[in-house]
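In numbering that gives the first Met the number 0, the protein residues as written are 0 to 66. Backbone N, C-alpha and C define an ideal beta-carbon position, used for all residues, glycine too. None of these values were measured; they are calculated from a predicted model. All remarks here apply to the structure that follows.
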Amino acid sequence: MSSSNNGNKIMVPNAREAMNKFKMEAANEVGVNLKQGYNGDLTSKQAGSVGGQMVKKMIESYENGMK
């Protein structure tokens with residue numbers, strides 16, 4: 000395994016809790032009920048909605064930081 004292919008591994012251990020909180024907030028905003036731990040029972044649409052909301056929030060944060 001090359002160092003450039005680390006998958007979903009979080010490189011900063013302290014970031015895991017913040018990322019989980021961010022994911023839960025995004026899921027709540029789009030009406031998806033996430034639980035702690037395994038969420039493999041989500042539909043592709045639900046998982047995509049959460050990921051899309053996370054990206055939207057990251058872009059908004061970046062744009063606000065540029066102002």
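The alpha helix (DSSP H) spanning residue i covers which residue range?
{"i": "Tyr-61", "result": "43-65"}
{"i": "Lys-20", "result": "14-28"}
Out of curiosity, what's the CA-to-CA distance linking residue i and residue j?
{"i": "Ser-1", "j": "Asn-7", "result": "Bear in mind that the predicted position of Ser-1 carries a pLDDT of just 48, short of 50, making it too unreliable to give a figure here."}
{"i": "Tyr-37", "j": "Ser-43", "result": "15 angstroms"}
{"i": "Asn-32", "j": "Gly-47", "result": "13 angstroms"}
{"i": "Phe-21", "j": "Arg-15", "result": "10 angstroms"}
{"i": "Met-57", "j": "Ala-25", "result": "11 angstroms"}
{"i": "Asn-13", "j": "Asn-19", "result": "11 angstroms"}
Would residue i be called buried (16 or more neighbouring beta carbons within 10 Å of its own) or exposed?
{"i": "Gln-52", "result": "buried"}
{"i": "Val-11", "result": "exposed"}
{"i": "Ala-17", "result": "exposed"}
{"i": "Val-67", "result": "This structure cannot speak to residue 67, because the chain is shown only from 0 to 66."}
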